[in-house]
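S.K.:
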Amino acid sequence: MNDLLPRVSAPAGAESWLHVERWRHLEQTFFSHASRYGFSEVRPPLCEYTDLFSRGVGDTTDIVEKEMYTFEDRGGRHLSLRPEGTASAVRAALEHNALAREPVVRWAYAGPMFRAERPAKGRYRQFHQVGAELYGDASPAADAEMIALAAGFLSALGVNAFRVRVNSLGTRASRKVYRDALIAHFTPQLDALSPESQSRLQRNPLRILDSKDPRDIAAKAGAPSLTDSLSAEDQAHFAAVCAMLDALGVPYTVDPSLVRGLDYYTRTVFEIVDVSGALGAQDALGGGGRYDDLFADLGAAQPVPAVGFAMGIERLLLAAPEASVPRATRVAVVAAARADEQAVLGAALALARDLRGAGVETHVDTRFGSMKSQMRRANDLKVDYVFVLGGNEVAAGTVSLKTMADDVAPEAKQVTLTRAEAIARVLPASR
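For reference, each letter of the sequence shown is one residue, going -17 to 413 in the working numbering.
1. Whole-angstrom Cβ separation of residue 190 and residue 5, contact assumed at under 8 Å?
2. Have a look at residue 318 and residue 308 and give me their C-alpha separation to the nearest angstrom.
3. What do you get for residue 199, buried or exposed, if any count of 16 or more other CB atoms within 10 angstroms of its CB means buried?
4. What does the alpha-carbon distance come out to for the pair residue 111 and residue 293?
5. Could you tell me the boundaries of the alpha helix (DSSP H) in which residue 231 lies?
6. How close, in whole Å, do the beta carbons of residue 329 and residue 383 come, if the pair is a contact with beta carbons under 8 Å?
7. At the level of alpha carbons, what is the spacing between residue 40 and residue 170?
8. Does DSSP classify residue 264 as helix, strand or coil?
9. Going by beta-carbon coordinates alone, are residue 235 and residue 146 separated by less than 8 Å?
10. Enumerated in chain order, which unbroken segments of the alpha helix (DSSP H) with a length of 4 residues or greater are wholly contained in the stretch 289 to 333?
11. Looking at the structure shown, is residue 202 part of a helix, part of a strand, or coil, going by DSSP?
12. According to DSSP, is residue 356 part of a helix, a strand, or is it coil?
13. Residue range of the beta strand (DSSP E) that residue 32 falls in?
14. Looking at the secondary structure, which residues open and close the beta strand (DSSP E) in which residue 77 lies?
15. Answer with buried or exposed for residue 31, where buried requires no fewer than 16 other C-beta atoms within 10 angstroms of its C-beta.
16. Evaluate residue 68 with the Cβ neighbour count: other Cβ atoms within 10 Å of its Cβ, from every protein chain shown; 16 or more gives buried, anything less gives exposed.
17. Can you name the start and end residues of the alpha helix (DSSP H) that residue 188 belongs to?
18. Tell whether a beta-carbon distance below 8 Å holds between residue 380 and residue 399.
19. For residue 164, which of helix, strand or coil comes out of DSSP?
20. Could you compute how far the alpha carbon of residue 7 sits from the alpha carbon of residue 310?
21. Does the distance from the CB of residue 75 to the CB of residue 289 come in under 8 Å?
22. Considering only DSSP beta bridges, list what residue 29 is partnered with.
23. DSSP has residue 94 in a bridge; who is on the other side?
24. State yes or no: is the C-beta of residue 369 within less than 8 Å of the C-beta of residue 313?
25. How about the stretch 122 to 136 and the stretch 209 to 216: do they share at least three Cβ pairs that are nearer than 8 Å?
26. Would residue 96 and residue 51 qualify as a contact pair, given that the criterion is a beta-carbon distance under 8 Å?
27. Got a sec, what are the start and stop residues for the beta strand (DSSP E) residue 258 sits in?
28. Where residue 232 and residue 209 are concerned, what is the direct C-alpha to C-alpha distance, given to the nearest angstrom?
29. Alpha carbon to alpha carbon, how far is residue 135 from residue 397?
30. Tell me whether the stretch 260 to 279 and the stretch 173 to 186 touch, counting them as touching only if at least three CB pairs, one residue from each stretch, are closer than 8 Å.
31. Taking the Cβ atom as the reference point for each residue, do residue 139 and residue 261 lie within a distance shorter than 8 Å?
32. Only counting the same chain, and skipping five residues up and downstream in sequence, which positions put a Cβ closer than 7 Å to that of residue 205?
33. Where do the ends of the alpha helix (DSSP H) carrying residue 1 lie?
34. Rounded to whole angstroms, how far is the Cβ of residue 302 from the Cβ of residue 141, which I believe are closer than 8 Å?
35. Going straight from the alpha carbon of residue 195 to that of residue 153, what length do you get?
36. Comparing C-alpha positions only, which one of 49, 389 and 105 sits nearest to residue 35?
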């Protein structure tokens, strides 16, 4: 199997997270939930100038240094498949002057991202995310609402075994103080660090805190805490975020070691991890934080307060219960044509058209084989009802409606109704 791209469709019996119905339900749940917070959908392109990510995400991050799919097009331009959604969304907001039309912009998105990572459980080189971005609000209440939105979406999806971790990175000025403290801590241990962390010590020592290399984990023991480097304003902002999460009833854990892997974050960062064991060691469902300097980094005349998050769809599908997809009423129309075949077949197609027009998922086996084969096909499709049309029904303007559920009284199992009565009987609102 191609290890670059995941399959997005699968036959019955294949891995459950590949089923498109669950995928679609997840996205619909996300956009429905986000719309209650005032978010509208945006669709950034799959491909951007490479410079957008090196400037926005950070040229010392793993994403830019190791993972981006970058190429030169026929015009000599350096392009990259997007590795994440935030930088693309900010570029779109700048290009289309979104904040001139609305002082606070709320955008949500879903789509594929691309990173040259080693494939693992729930992780692919083409993977998919849902995400939300909020521009123009510097309040800690915005941070708390974004975390509440993410946690609420998980609950709506049926994912309840998760933990929210939060921290503050402070402003860039605070991080400069912390950076110097980290360099002072790690320099005497330089030879004990992994080669990758040795190269990052002077450029971006915070990345060492993200390392899973046993040598770096040992060297982190006794490292200074970022909390000690926060300014009074940073501390007040984070305290307010925590107080509002308490008011919203969102459980969380303050984790001073949480730094996230992207350079644009400032102040609040958060991560949501699965605690059910469904994801194994790769337990992150998603995360995000505040990035008040990114607009200016990408060319805005002045900083714009911003906060956002993203979650991996493949990982969410592994964590979500399979029964989380509500199934709509499903019916089949069966033509029992012994005589006047064309009239019966035409009536069956017209009945299916009317059912679909009423919003009912309707199946017709247009091969129109025997009654037995059509009923077998309806059974395989696990329909809730079968509409049977023969010559007598067509002449009388009726249908024979068969209920497929087992828990139905024999006298109600199959009844003859007018077309309008039968359609009304299967409409979801009338069940």
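By construction, the Cβ of each residue, glycine as well, lies at the ideal position given by its N, Cα and C atoms.
Small disclaimer: the values here were computed from a predicted structure and weren't measured.
M.R.: In this structure, then:
1. With a Cβ gap of about 37 Å, residue 190 and residue 5 do not count as contacting.
2. 31 Å
3. exposed
4. 5 Å
5. Run containing residue 231: none; DSSP gives neither H nor E here.
6. Incorrect: roughly 15 Å between the Cβ atoms, too far for contact.
7. 26 Å
8. coil
9. yes
10. 295 to 301
11. coil
12. helix
13. Run containing residue 32: none in the beta strand (DSSP E); it sits in the alpha helix (DSSP H), 32 to 35.
14. Taken as a continuous stretch (DSSP letters only), residue 77 belongs to no beta strand (DSSP E), being part of the alpha helix (DSSP H) at 68 to 77.
15. exposed
16. buried
17. 188 to 192
18. yes
19. helix
20. 12 Å
21. no
22. 63
23. 110
24. yes
25. no
26. yes
27. Looking at the DSSP string, residue 258 is not in any beta strand (DSSP E), and its letter there is neither H nor E.
28. 22 Å
29. 42 Å
30. no
31. no
32. 164 and 167
33. Premise fails: residue 1 is in no alpha helix (DSSP H) and is neither H nor E.
34. 5 Å
35. 28 Å
36. 49
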